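Numbering (UniProt numbering), first residue to last: 1 to 276.
From the three backbone atoms N, C-alpha and C, an ideal C-beta is built for every residue, glycine too.
Computed from a prediction, not measured in an experiment: that's the story for all the values here.
Presented below is the structure to which this report refers.
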């Protein structure tokens with residue numbers, strides 16, 4: 001059998017992970033036929049996903065890892081997941097930022113991807129509690145060069161989480177005194193019952209402050225976040241103006257979103273005019 005060279009390893013692993021989560025488990029021989037790759041390639045992919053902590057290998061295949069509601073994956077582990085989806089979401093969400101406005105970005109790997117696209121939006125004032133997001137804007141500045149139109153970046157203080165976000169009383173006080181035109185918010189989980197949630201109690205309070213300080217809230221979350229519930233809820237779905245997600249979202253999830261969210265946009269698909 002000739003291996004399918006058209007899929008990059010990260011794309012192939014994303015497909016495998018989606019299949020594991022959707023079906024509750026997969027067998028190696030099923031994946032070799034579906035992906036048109038060798039048994040060894042599939043086993044390497046499963047090894048990589050197991051190291052990231054998102055699947056558990058069993059004899060002949062893999063099953064999903066059921067995470068505790070208080071489990072918080074690190075930034076590096078999350079950054080390897082759903083890369084193409086996050087890039088689509090970031091590109092779509094960046095178009096919502098208006099030049100010269102004040103925007104806030106929470107922590108997370110999707111907001112990190114978004115930050116790179118916001119570099120093209122002139123004269124932003126960016127407030128973030130993400131060390132990684134702040135680094136994106138800092139690295140883009142030209143030492144001694146012309147930085148006309150470059151973003152002004154405010155990084156809150158606070159205690160660093162495994163996701164490289166700064167949280168706690170220092171961050172809360174800084175955010176609570178500010179007012180944003182637009183908040184781009186990454187989430188651990190989103191569901192009808194729990195709303196927006198996170199496994200980190202301190203981060204939940206910081207996220208509440210972000211939501212309360214924003215005129216408009218845009219949640220950026222790939223399809224795997226729908227139905228996930230973290231330890232602490234910090235906002236109901238009616239606090240979200242728009243959810244930007246990706247085309248991996250199931251039809252059932254889309255129906256739920258349409259019923260319970262004020263607006264949502266699927267990156268790469270035409271947006272509902274009401275969401276504009």
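Reduced DSSP category for residue 5 - H, G, I as helix; E, B as strand; rest coil | In the chain shown, counting from the first residue as 1, residue 5 sits at position 5. Confidence in residue 5 is poor, its pLDDT being 45 and thus under 50, which makes the residue's placement unreliable; the coordinate value appears in the next sentence. Here residue 5 sits in coil by DSSP.
Which residue comes first and which comes last in the alpha helix (DSSP H) that contains residue 169?
-> As a first step, residue 169 is located in the chain shown; it is residue number 169 there, counting from the start. It spans 169 to 176 - the alpha helix (DSSP H) in which residue 169 sits, taken as one unbroken run.
Which ranges does the alpha helix (DSSP H) cover as unbroken runs of at least 4 residues, wholly within the stretch 123 to 203, from first to last along the chain?
-> 131 to 140, 169 to 176
Neighbourhood of residue 161 by C-beta, 8 Å cutoff - its chain only, sequence neighbours within 5 removed = Here residue 161 corresponds to residue number 161 of the chain shown, with the count starting at 1. Contacts found: 72, 107, 167, 200, 202, 203.
Give the straight-line distance between the Cα atoms of residue 102 and residue 182, rounded to the nearest whole angstrom.
-> On the chain shown, position 102 is the one that residue 102 refers to. On the chain shown, position 182 is the one that residue 182 refers to. Rounded to whole angstroms, residue 102 to residue 182 spans 7 Å at the Cα level.
With 7 Å set as the bound, which would you pick, yes or no: does the beta-carbon of residue 157 sit closer than that to a beta-carbon of chain C?
-> Reference to chain C is not applicable here, since this structure consists of a single protein chain.
Could you work out which residue in 44, 265, 100 is closest to residue 219 when comparing CA atoms only?
-> As a working mapping, residue 219 is identified with position 219 in the chain shown. Checking every option, the nearest Cα to that of residue 219 belongs to 265.
Who are the near neighbours of residue 260 in its chain, counting only those whose CB is closer than 7 Å to its CB and skipping five residues on each side?
-> Your numbering for residue 260 matches position 260 in the chain shown. Same-chain partners within the cutoff: 192, 237.
Does the beta-carbon distance from residue 88 to residue 251 come in below 7 Å?
-> On the chain shown, position 88 is the one that residue 88 refers to. On the chain shown, position 251 is the one that residue 251 refers to. Cβ distance not < 7 Å, so residue 88 and residue 251 don't count as in contact.
CB of residue 230 within 7 Å of CB of residue 188, strictly = Within the chain shown, the letter at position 230 stands for residue 230. Within the chain shown, the letter at position 188 stands for residue 188. Yes; because the gap between Cβ atoms is below 7 Å, this pair is in contact.
Which partner residues does residue 234 have in the DSSP bridge list?
-> Sequence index remark: in the chain shown, residue 234 carries index 234 (1-based). BP columns for residue 234 are empty, so no partner.
Tell me residue 57's beta-bridge partners as DSSP assigns them.
-> Working through the chain shown from its first residue, we reach residue 57 at position 57. Note: residue 57 sits in a beta bridge opposite 62.
Reducing DSSP to helix, strand and coil, say where residue 98 ends up.
-> Taking the first residue of the chain shown as position 1, residue 98 is located at position 98. Coil, per DSSP.
Give a yes or no on whether the C-beta atoms belonging to residue 129 and residue 93 are separated by under 7 Å.
-> As a first step, residue 129 must be located in the chain shown, where it is residue number 129. As a first step, residue 93 must be located in the chain shown, where it is residue number 93. Not a contact, by the Cβ cut-off of 7 Å.
Apart from the five residues on each side of it in sequence, which residues of its chain come closer than 6 Å, Cβ to Cβ, to residue 90?
-> By one-based count along the chain shown, residue 90 stands at place 90. The answer, listed in chain order, is 113, 114, 117.
Mapping DSSP to helix, strand and coil, what is residue 111?
-> To locate residue 111, count along the chain shown from 1; it is residue 111. Residue 111 falls in the helix class under three-state DSSP.
Assigned secondary structure, residue 211 (DSSP; H/G/I helix, E/B strand, else coil) = The residue you call residue 211 lines up with position 211 of the chain shown. The answer is helix: DSSP assigns residue 211 an H, G or I state.
Is residue 17 helix, strand or coil by DSSP?
-> As a working mapping, residue 17 is identified with position 17 in the chain shown. Of the three classes helix, strand and coil, the one that applies to residue 17 here is helix, per DSSP.
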